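Asks: The structure's right below; bear with me while I get my questions together.
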Amino acid sequence: MTEHKTPTSTLFATLIALMVLLALSVVASKMLQGAAATTAALAIAVAKALLVGWIFMDLRRSSPLTRLIAVSGLFWLLIMVVLTAMDFATRGM
0 MTEHKTPTST
10 LFATLIALMV
20 LLALSVVASK
30 MLQGAAATTA
40 ALAIAVAKAL
50 LVGWIFMDLR
60 RSSPLTRLIA
70 VSGLFWLLIM
80 VVLTAMDFAT
90 RGM
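Heads up, the sequence shown is in numbering that gives the first Met the number 0, so the first residue is 0 and it goes up one at a time.
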């Protein structure tokens, strides 16, 4: 198995992007309220997770099976979030 080295410039650019997303989430938490704040926070969190998975976990160079495992984990998380939201939405009935 050959080892791939990620260039330092790519790692630095990813660091800058994560810091910008962090600042954006702080600003969004102060300025937005209600559903808009939740939507913005989730969108920013997804962007951060994609950056970490793609760059630091090196999913861009991994085998198709490894990518499938990562996507299936995200799919399972989506199922759990949807079921939790459905439970929460029907509590008052």
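All residues carry an ideal CB built from backbone N, CA and C; glycine is no exception.
Just so we're clear, the structure is a prediction, and the values are computed from it rather than from any experiment.
#1: Consult DSSP for G33 and reduce its assignment to one of helix, strand or coil.
#2: How long is the line joining the alpha carbons of A69 and L76, rounded to whole angstroms?
#3: In whole angstroms, give me the CA-to-CA distance for G52 and R66.
#4: Consult DSSP for P89 and reduce its assignment to one of helix, strand or coil.
#5: Can you give me the Cβ contacts of R60 inside the same chain, cut-off strictly under 8 Å, excluding the 5 residues immediately before and after it?
#6: Select from L50, L49, V25 the residue whose C-alpha is nearest the C-alpha of A39.
#7: What whole-angstrom Cβ distance do S28 and A35 have, given they're in contact under 8 Å?
Replies: Considering the structure as presented:
#1: coil
#2: 11 Å
#3: 10 Å
#4: Correcting the residue type first, residue 89 is Thr in the shown sequence and not Pro. DSSP places T89 in coil when its eight states are reduced to three.
#5: Hits under 8 Å: H3.
#6: V25
#7: Their Cβ separation, rounded to whole angstroms, is 11 Å, which puts S28 and A35 out of contact at 8 Å.
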